[in-house]
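Participant: Quick one: structure below, then a few questions.
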Amino acid sequence: EPLLVWKRCGWAGVDLFFVLSGFLVSGLLFAEYRQHGSLRPVRFLIRRGFKIYPAFYVLILLTVVWRLAAGELAWKSVLVEVFYVQNYFFWDALWTHTWTLAVEEHFYLCLAAALPLMARRGGDDPFARWMPAVGLTILAIQGWRTVQLSVQPHYDVYYDSHHRFDALLMGLMLSWMWRYRSDLVDRWVRPHAWRWLGLGAALWVPVLVGKDVLWSESTGGIGTFLLDLGCASGLAGLLCVPAPTALDRLRPVWTALARMGFFSYSIYLWHIPVRDAVRWVQPTVEGPEWYLREGTYMALSILVGILAARLIELPVLKVRERWYPSRSRGSLTEQPTHRG
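Heads up: the sequence shown runs through residues 162 to 501, numbered per this note's numbering.
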């Protein structure tokens, strides 16, 4: 049943989000280098700031006002949110979902520092020589995560940026291959797109056993590593599925999902406040009422997120495009080319 699957497996969307974000955000910088032969990391961070900060800080401001009125505010909680360290101080954070934004922010900073250094020698693809090191870093993160899970409870490992960067780096490697190595894409991915999709689905099976098992000492976090690989595999296959296909018949569905994705950041920001409000109104329910409550929560999350995006996020993005227009024009999923 879809809502029960959501209840048991919804947490896995975070891993998909990290892989996809690594692919998309690194793709902005790869595209910029391909078009201009240079990178402007400060400009990149400013543009990300216009996207991330205004909507986030409005949420935090409203939360502070609400908790002050209720006499429940701890200023340490405000500080860890404001400075984006809520994933390292999870139990002090104002909200339980903003830790993922901290992981993202830390990745942006590392990306803005690392990619220009990789590109210093110039050339058509200065990043290629670094990809083996990126792959080894992914394996090292999993190894270190396994060690940490043997001495710490999983909830002290799960939220840390340095334990989650492997998923983002998988997305980065896929983005590099898509942008610069069409020969590899054409040889290994495009002819087998459905197999890559199937592999991705198979690697998601461990999700069904639950987060506590995947992040336990007994599994060493390997289940989540496989989940991240599944996300990367599925994304690679999806990018290369030939059209028209059976998926093309679902075009109205994809169009609706794409439209929702346009507002996804604000929807994500507000889905936990909306959930808490709905559960405050209807705290304990079972049977059909549970489905009604969760369905209401999902629908309201989308509506509130779209409203917040239109009021806050989109006007700010218009200012961003006027002051700091993109240097990486073009679709992130454009046909890759091999420049070797």
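Beta carbons are placed, not taken as given, at the ideal position from N, Cα and C, and that holds for glycine.
1. Are the CB atoms of residue 351 and residue 392 within a distance shorter than 9 Å?
2. Between 476, 449, 383, which lies nearest to residue 300 when the distance is taken from Cα to Cα?
3. Please classify residue 250: does DSSP put it in a helix, a strand, or coil?
4. Can you tell me where the alpha helix (DSSP H) holding residue 467 begins and where it ends?
5. What is the C-beta distance between residue 360 and residue 394, in whole angstroms, given that I count them as a contact (C-beta under 8 Å)?
6. Can you give the beta carbon distance from residue 341 to residue 286, rounded, assuming they're within the 8 Å contact cut?
7. Counting Cβ pairs, one atom from each stretch, are 3 or more of them under 8 Å apart for the stretch 316-325 and the stretch 260-273?
8. Identify the continuous alpha helix (DSSP H) that holds residue 261 and give its terminal residues.
9. Considering only residues of the same chain and omitting the five flanking positions on each side of residue 200, which have a CB-CB separation below 8 Å?
10. Can you confirm whether the stretch 477-485 touches the stretch 440-455 when touching is taken to mean that 3 or more C-beta pairs between the two stretches lie within less than 8 Å?
11. Below 8 Å, can you find three or more Cβ-Cβ pairs linking the stretch 463-478 to the stretch 209-224?
12. May I have the straight-line CA-CA distance separating residue 327 from residue 302, to the nearest angstrom?
13. Taking contact to mean at least 3 C-beta pairs separated by less than 8 Å, is the stretch 201-208 in contact with the stretch 218-236?
14. Where residue 385 and residue 368 are concerned, what is the direct C-alpha to C-alpha distance, given to the nearest angstrom?
15. Sort 396, 488, 226 by Cα distance to residue 177 and report the nearest one.
16. Using only CA atoms, which one of 429, 489, 445 lies nearest to residue 460?
17. Cβ of residue 295 within 9 Å of Cβ of residue 345?
18. Considering Cα atoms alone, identify which of 260, 422, 235 is closest to residue 181.
19. Count the other CB atoms, across all protein chains shown, that sit within 10 Å of the CB of residue 173; report buried if there are 16 or more and exposed otherwise.
20. Determine whether the beta carbon atoms of residue 233 and residue 259 lie at a separation below 9 Å.
21. Would you kindly report the start and end of the unbroken alpha helix (DSSP H) that includes residue 474?
22. What would DSSP say about residue 245, mapped onto helix, strand or coil?
23. If you draw a straight line from the C-alpha of residue 432 to the C-alpha of residue 297, how long is it?
24. Can you tell me whether DSSP reads residue 437 as helix, strand or coil?
Facilitator: Quick look at the numbers:
1. As a working note, residue 392 is residue 231 in the sequence shown. As a working note, residue 351 is residue 190 in the sequence shown. Not a contact, by the Cβ cut-off of 9 Å.
2. Along the sequence shown, read from residue 1 onward, the residue named residue 300 stands at position 139. When each option's Cα is compared against that of residue 300, the closest is 383.
3. Counted from its first residue, the sequence shown places residue 250 at position 89. Note: residue 250 maps to coil in three-state DSSP.
4. Start at 1 with the first residue of the sequence shown, and residue 467 comes out as number 306. 449-469 is the extent of the alpha helix (DSSP H) around residue 467.
5. Position 199 of the sequence shown, counted from the first residue, corresponds to residue 360. Position 233 of the sequence shown, counted from the first residue, corresponds to residue 394. Between residue 394 and residue 360 the Cβ distance is about 5 Å, and since that is below 8 Å, they are a contact.
6. Residue 341 sits at position 180 when you count from the first residue of the sequence shown. Residue 286 sits at position 125 when you count from the first residue of the sequence shown. Residue 341 to residue 286, Cβ: 5 Å. Contact.
7. yes
8. Within the sequence shown, numbered from 1, the residue matching residue 261 stands at position 100. From DSSP, the alpha helix (DSSP H) with residue 261 extends over 260-279.
9. Reading the sequence shown from its first residue, position 39 is the one you call residue 200. So the list reads 190, 193, 194, 276, 277, 280, once near-sequence residues are dropped.
10. no
11. yes
12. For the purposes of this step, residue 327 is taken as the residue at position 166 of the sequence shown. For the purposes of this step, residue 302 is taken as the residue at position 141 of the sequence shown. Computed Cα separation, rounded: 6 Å.
13. no
14. For the purposes of this step, residue 385 is identified with residue 224 of the sequence shown, where counting begins at 1. For the purposes of this step, residue 368 is identified with residue 207 of the sequence shown, where counting begins at 1. Their backbone Cα atoms lie some 8 Å apart in a straight line.
15. Along the sequence shown, one-based indexing puts residue 177 at 16. With distances taken between Cα atoms, residue 177 lies closest to 396.
16. As a position in the sequence shown, residue 460 is number 299, starting the count at 1. Looking only at 429, 489, 445, the smallest Cα-Cα distance to residue 460 is reached by 429.
17. For the purposes of this step, residue 295 is identified with residue 134 of the sequence shown, where counting begins at 1. For the purposes of this step, residue 345 is identified with residue 184 of the sequence shown, where counting begins at 1. Between residue 295 and residue 345, the gap from beta carbon to beta carbon reaches 9 Å or more.
18. Counting from 1 along the sequence shown, the entry for residue 181 is found at position 20. Residue 422 is the option with its Cα nearest to residue 181.
19. Residue numbering aside, residue 173 sits at position 12 when the sequence shown is read from its first letter. Classification of residue 173: buried, given that the 10 Å Cβ count is 16 or more.
20. For this step, residue 233 is matched to residue 72 along the sequence shown. For this step, residue 259 is matched to residue 98 along the sequence shown. The Cβ atoms of residue 233 and residue 259 lie no closer than 9 Å to each other.
21. Within the sequence shown, residue 474 is the residue found at index 313, counting from 1. Segment: none, residue 474 is in no alpha helix (DSSP H) and carries neither H nor E.
22. One-based indexing of the sequence shown puts residue 245 at position 84. Reduced to three states, the DSSP call for residue 245 is coil.
23. Locating residue 432 in the sequence shown gives position 271, where the first residue counts as 1. Locating residue 297 in the sequence shown gives position 136, where the first residue counts as 1. Approximately 36 Å, taken between the alpha carbons.
24. Position 276 of the sequence shown, counted from the start, is the residue given in the question as residue 437. Helix, per DSSP.
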